[in-house]
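A.B. asks: Below is the structure I would like to discuss, written out as structure tokens.
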Amino acid sequence: RMKAASGKSDAFDAMLARLRDMASTGRFDGLPELLKRRLTARALTWLWLNDETMGRRLLSSRLLSVLVDAQQP
Numbered sequence: 003r004m005k006a007a008s009g010k011s012d013a014f015d016a017m018l019a020r021l022r023d024m025a026s027t028g029r030f031d032g033l034p035e036l037l038k039r040r041l042t043a044r045a046l047t048w049l050w051l052n053d054e055t056m057g058r059r060l061l062s063s064r065l066l067s068v069l070v071d072a073q074q075p
């Protein structure tokens with residue numbers, strides 16, 4: 003109930019885990035395609051803002067550019 007109230011879901015948590023795994027291993031296969039999903043964009047921005055370690059690994063001008071391009075309607 004608390005997760006629903008805060009806007010987090012199992013799918014969101016699974017995407018956080020997937021992004022953390024990518025950052026830890028350095029393997030970003032399929033990330034550009036994933037970034038087309040709003041859920042992925044939300045999870046990525048959440049990590050940038052709330053997880054200092056993962057945020058540093060995932061925040062780059064290149065990734066930000068790919069995210070902006072992928073989220074174009």
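Just add 2 to the spot in the sequence shown (first one is 1) and you have the working numbering.
Beta carbons are placed, not taken as given, at the ideal position from N, Cα and C, and that holds for glycine.
1) When every heavy atom of the ligand NAD is checked, does at least one fall within less than 7 Å of the C-beta of R44?
2) Over what stretch of residues does the alpha helix (DSSP H) that includes F14 continue unbroken?
3) Please report the Cβ distance between L37 and A72, rounded to the nearest whole angstrom; I am assuming they are in contact, meaning their Cβ atoms lie under 8 Å.
4) Suppose you measure from the CA of F30 to the CA of L21; what does that come to, to the nearest Å?
5) Looking at C-alpha atoms only, which residue of R58, P75, Q74 and D15 is the closest neighbour of G28?
C.D. replies: Concretely, from the data shown:
1) As for the ligand NAD, it is missing from this structure, which has no ligand bound.
2) Within the sequence shown, residue 14 is the residue found at index 12, counting from 1. Its alpha helix (DSSP H) spans residues D12 to T27.
3) Taking the sequence shown and counting its residues from 1, one reaches residue 37 at position 35. Taking the sequence shown and counting its residues from 1, one reaches residue 72 at position 70. Between A72 and L37 the Cβ distance is about 4 Å, and since that is below 8 Å, they are a contact.
4) Working through the sequence shown from its first residue, we reach residue 30 at position 28. Working through the sequence shown from its first residue, we reach residue 21 at position 19. Distance between the alpha carbons of F30 and L21: 9 Å.
5) As a first step, residue 28 must be located in the sequence shown, where it is residue number 26. Residue R58 is the option with its Cα nearest to G28.
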